[in-house]
Amino acid sequence: DSGVTQTPKHLITATGQRVTLRCSPRSGDLSVYWYQQSLDQGLQFLIQYYNGEERAKGNILERFSAQQFPDLHSELNLSSLELGDSALYFCASSFRGMNTEAFFGQGTRLTVV
Amino acid sequence: GNSVTQMEGPVTLSEEAFLTINCTYTATGYPSLFWYVQYPGEGLQLLLKATKADDKGSNKGFEATYRKETTSFHLEKGSVQVSDSAVYFCALSDKKGNTGNQFYFGTGTSLTVIP
């Protein structure tokens with residue numbers, strides 16, 4: 001158990017809909033990262049938050065947005081969903097130290113039908 | 114900029130064979146280096162790490178040495194088991210510490226070990 005909790009574990013929704021994925025980082029971790037993993041594109045970095053502020057942005061679509069709340073949990077919002085958004089979405093967290101690793105949650109499997 | 118390049122897969126080995134998965138990196142500064150493993154249906158787990166040049170990370174029979182001169186961090190195991198079948202990711206972190214480290218992952222190498 002990494003200590004990072006993601007909900008829900010599975011989500012099936014229709015095209016055009018909007019969903020929210022939730023992530024609770026490990027206790028004390030200030031950084032939260034979101035990744036998308038699909039079969040043909042590997043692990044794609046979406047966005048990073050550090051202590052409530054956006055820190056870095058990767059290949060995140062304009063239809064997607066995220067935020068980190070004062071209690072440090074984070075939500076990833078995906079809207080106007082398309083079939084191609086079907087993927088595993090991982091959240092990871094890390095502590096503030098320079099030599100620390102990222103700890104990953106079990107992921108949310110999103111299926112858009 | 115920072116990036117990680119790792120060996121394309123898939124890799125198929127017989128049980129007890131020697132494993133090498135190559136990883137090279139490009140970085141500004143002196144990053145920390147990691148190997149993560151992803152078993153089917155699970156999230157990524159840290160396998161080992163090294164935080165400075167010449168450090169050797171090791172875990173569960175796997176090891177990798179941080180080579181600054183060749184900018185490499187190759188993963189090795191002397192004798193693989195069927196249970197090692199997984200996807201392996203090489204990664205680096207830019208050590209920004211108090212503003213939040215950024216992580217850069219390779220594309221992953223799928224390993225299948227056959228009995």
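Protein chains in written order, with the numbering used here: chain A, 1 to 113; chain B, 114 to 228. Even for Gly, the Cβ is constructed at its ideal location relative to N, Cα and C.
Exercise. So, does the CB of B:Q215 fall closer than 8 Å to a CB anywhere in chain A?
Worked result: Locating residue 215 of chain B in the second sequence gives position 102, counting from the first residue. Chain A, which has a Cβ nearer than 8 Å to the Cβ of B:Q215, makes this yes.
Problem set entry | Within chain B, partners of A:F90 - CB distance below 8 Å | Residue mapping note: residue 90 of chain A aligns to position 90 of the first sequence, counting from 1. Correct list: G156, L157.
Problem set entry | Nearest to A:R22 (by Cα), restricted to the options A:T15, A:V32, A:G16, A:T13 | Taking the first residue of the first sequence as position 1, residue 22 of chain A is located at position 22. When only C-alpha atoms are compared, the closest one is A:V32.
For this session: Given a cut-off of 8 Å, decide if A:L72 and A:Q37 are closer than it, judged by their beta-carbon atoms.
Result: Locating residue 37 of chain A in the first sequence gives position 37, where the first residue counts as 1. Locating residue 72 of chain A in the first sequence gives position 72, where the first residue counts as 1. Result no, Cβ atoms of A:Q37 and A:L72 do not sit closer than 8 Å.
Exercise. Beta-carbon separation of B:V288 and B:L126 under 8 Å?
Worked result: In the structure displayed, chain B extends from 114 to 228; residue 288 of chain B sits before or after that span and is not available.
For this session: Just the C-alpha distance for A:L46 and B:G174, rounded to the nearest angstrom, thanks.
Result: The residue labelled residue 46 of chain A in the question sits at position 46 within the first sequence. The residue labelled residue 174 of chain B in the question sits at position 61 within the second sequence. Cα to Cα, A:L46 sits roughly 33 Å from B:G174.
Exercise. First and last residue of the beta strand (DSSP E) that includes B:V195?
Worked result: Locating residue 195 of chain B in the second sequence gives position 82, counting from the first residue. First-last for B:V195: undefined, no H or E at that position.
For this session: Compute the Euclidean distance between the alpha carbons of B:S198 and B:Y152, then round it to the nearest angstrom.
Result: Here the question's residue 198 of chain B lines up with position 85 in the second sequence. Here the question's residue 152 of chain B lines up with position 39 in the second sequence. So the two alpha carbons sit approximately 7 Å from each other.
Problem set entry | Rounded separation between A:A66 and A:L76 - CA only | Mapped onto the first sequence, residue 66 of chain A falls at position 66. Mapped onto the first sequence, residue 76 of chain A falls at position 76. When rounded, the distance between both Cα atoms is 4 Å.
Problem set entry | Delimiting residues of the beta strand (DSSP E) encompassing B:Y138 | In the second sequence, counting from the first residue as 1, residue 138 of chain B sits at position 25. Where B:Y138 is concerned, the enclosing beta strand (DSSP E) stretches over 136–139.
For this session: Give a yes or no on whether the minimum CB-CB distance between B:G170 and chain A is below 8 Å.
Result: As a position in the second sequence, residue 170 of chain B is number 57, starting the count at 1. By this cut-off, B:G170 is not an interface position.
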